[in-house]
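Quick note, the working numbering runs 113 ahead of the 1-based positions in the sequence shown.
Quick reminder that beta carbons are idealized off the backbone N, C-alpha and C, glycines included.
Below you'll find the structure, written out as structure tokens, and then a few comments.
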Amino acid sequence: SSAISTSAPTRPAPAAWSVSVGNGRQEVTALAYGRLRELIVSGRLAPGAPLIETDLSKKLGVSRTPVRAALQRLQQEGFVGASVSGQMLRAFVAPLTADDMREVFLMVGALEAAAARLAAGLPALTREALAREMEGLGLALRAAASSRPPDLVRALDLHIAFHRAFVAAAAGPRLVAELEVLQPQAERYERVYAGAVVYAFDEAAREHDDIVAAIRTGDADAAERAVARNWRGCADRYRQVVTILGERGNW
């Protein structure tokens, strides 16, 4: 295998932190939640970074009340941790650890495996169209991952699109809602450690091919197994890298 790179993909930072808000409290809270989650997933709020309500309210251009509500929701979902210091409850960005990574990846794998089973049960013409879409994404993903240097941002976007394709085609609202919480938590690890995992992309590409083939032929058992195997493989590959490069924000 090729040498491990420690570089992580980066995206351009937005022009401004502030958000435009409407009149409703729920709308403001939703905007604060969405912005904070985006900053955590992208890594612009680093693992372990303190989350101080007054600072965040200034940066987001909203009051402390929606920031507090957003942080509570993010804590419930696993994006934010909290510790007691004296009589103060201090919030921080959830760290990236090997154990958490494995749990998140296996949970995403279990849910996506259920979606793949449903996708394999779609009508034949729908399955063929979906398989072709996934093949196109897979080819583009191969090109991005094999370029020198690898285009990590594009590769990760395509990887996410590949998995979302069969979820969107077949999953119901409950399954989609659960994945909307868990998948971005997996993405946090991918954004940080992908530069060191890309060397093993050929193995992941073969796993993707198995998913496409199973959905195309309508083999529900094989589709379910292939997706679960892909995420188990991802967990194993990322665990090796996290062990080598170290956990983030786990002081």
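Is DSSP giving residue i helix, strand or coil here?
| i | result |
| --- | --- |
| residue 198 | strand |
| residue 124 | Residue placement at residue 124 cannot be trusted, given a pLDDT of 49 that sits under 50; the coordinates are not used to answer. |
| residue 158 | coil |
| residue 207 | coil |
| residue 213 | helix |
| residue 238 | helix |
| residue 137 | coil |
| residue 115 | For residue 115, the predicted model reports a pLDDT of 33, less than 50, meaning its position is unreliable; a value from the coordinates is still stated below. Residue state, collapsed to three classes: coil. |
Please list the terminal residues of the continuous alpha helix (DSSP H) segment that includes residue i.
| i | result |
| --- | --- |
| residue 192 | Run containing residue 192: none; DSSP gives neither H nor E here. |
| residue 175 | Segment: none, residue 175 is in no alpha helix (DSSP H) and carries neither H nor E. |
| residue 261 | Unbroken run through residue 261: none, as it is neither H nor E. |
| residue 308 | 286-310 |
| residue 345 | 333-358 |
| residue 319 | 314-330 |
Using only alpha-carbon positions, find the residue among the options that is nearest to residue i.
| i | options | result |
| --- | --- | --- |
| residue 295 | 213, 247, 229, 160 | 213 |
| residue 162 | 349, 204, 143 | 204 |
| residue 320 | 362, 286, 276 | 276 |
| residue 230 | 329, 348, 352 | 329 |
| residue 290 | 327, 153, 237, 225 | 225 |
| residue 202 | 271, 164, 179, 157 | 164 |
| residue 318 | 338, 255, 228 | 255 |
| residue 355 | 223, 323, 310, 342 | 310 |
| residue 193 | 181, 286, 238 | 181 |
| residue 252 | 279, 297, 239, 325 | 325 |
| residue 269 | 299, 292, 243, 248 | 299 |
| residue 207 | 322, 187, 141 | 187 |
| residue 344 | 218, 190, 156, 160 | 218 |
| residue 363 | 314, 315, 209 | 209 |
| residue 352 | 316, 306, 327 | 306 |
| residue 348 | 140, 358, 220 | 220 |
| residue 189 | 146, 287, 263 | 146 |
| residue 327 | 170, 156, 234, 152 | 234 |
| residue 139 | 170, 174, 157, 183 | 183 |
| residue 337 | 154, 157, 280, 260 | 280 |
| residue 304 | 282, 315, 264 | 264 |
From the DSSP output, read off the bridge partner residues of residue i.
| i | result |
| --- | --- |
| residue 164 | 204 |
| residue 245 | Its beta-bridge partners do not exist; DSSP assigns none. |
| residue 361 | 209 |
Hey, would you say the C-beta of residue i is under 7 Å away from at least one heavy atom of the ligand FMN?
| i | result |
| --- | --- |
| residue 180 | The ligand FMN is not among the ligands present in this structure, which contains no ligands whatsoever. |
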